Amino acid sequence: MADDTLAELARAILVVRRDRRRALPAELFGGEIAYELLLALFIADSLGERLTGLAALEQIGGSSATGRRWIEYLTREQLIIGDGDGNLSAPLTLTAKALHALEAWLSRARETLDGLPGDDDGALPGLFR
0 MADDTLAELA RAILVVRRDR RRALPAELFG GEIAYELLLA LFIADSLGER LTGLAALEQI
60 GGSSATGRRW IEYLTREQLI IGDGDGNLSA PLTLTAKALH ALEAWLSRAR ETLDGLPGDD
120 DGALPGLFR
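Count the sequence shown with numbering that gives the first Met the number 0 and you get residues 0 to 128, in order.
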């Protein structure tokens with residue numbers, strides 16, 4: 000099961016990503032459905048829940064046609080377990096490979112964010128300067 004603090008970070012990332020669509024044209028952010036699907040499944044895992052493809056797509060605001068293709072791709076890449084034919088009613092689960100990759104990335108992201116205010120620890124040398 001996913002780490003609760005990492006799931007909270009994943010949830011915050013999805014909220015921020017959704018919010019940016021209010022300020023800027025949505026077309027700028029349409030190409031990351033697979034990434035958002037993985038985050039939604041990570042959050043569901045932390046709650047001990049499983050989402051169908053349709054439920055996951057509803058949570059991230061993705062379309063069925065595009066979502067189906069990404070579910071098939073994520074299944075081929077062995078990142079999710081579900082119906083490899085893109086059946087949106089099938090429950091989806093992250094594989095151990097995806098869970099470990101997301102945990103590692105979210106842990107690094109949390110460390111980066113922890114170092115941001117004032118950048119006193121030099122976590123972002125030269126960036127934005």
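Think of the CB as a built atom: it goes at the ideal place given N, C-alpha and C, for glycine as much as any other residue.
It should be emphasised that the depicted structure is a prediction, and the values quoted were computed from it without experimental measurement.
Check: What is the residue span of the alpha helix (DSSP H) that Thr65 lies within?; Outcome: Ser63 to Arg75
Check: If we require 4 or more residues per run, which alpha helix (DSSP H) segments fall completely within the segment 14-48?; Outcome: 32-45
Check: Quick one: Cα of Thr111 to Cα of Asp18, how far?; Outcome: 21 Å
Check: Between Tyr34, Ser88 and Ile80, which has its C-alpha nearest Arg10's C-alpha?; Outcome: Tyr34
Check: If you reduce the DSSP assignment to three classes, tell me which class Thr92 lands in.; Outcome: strand
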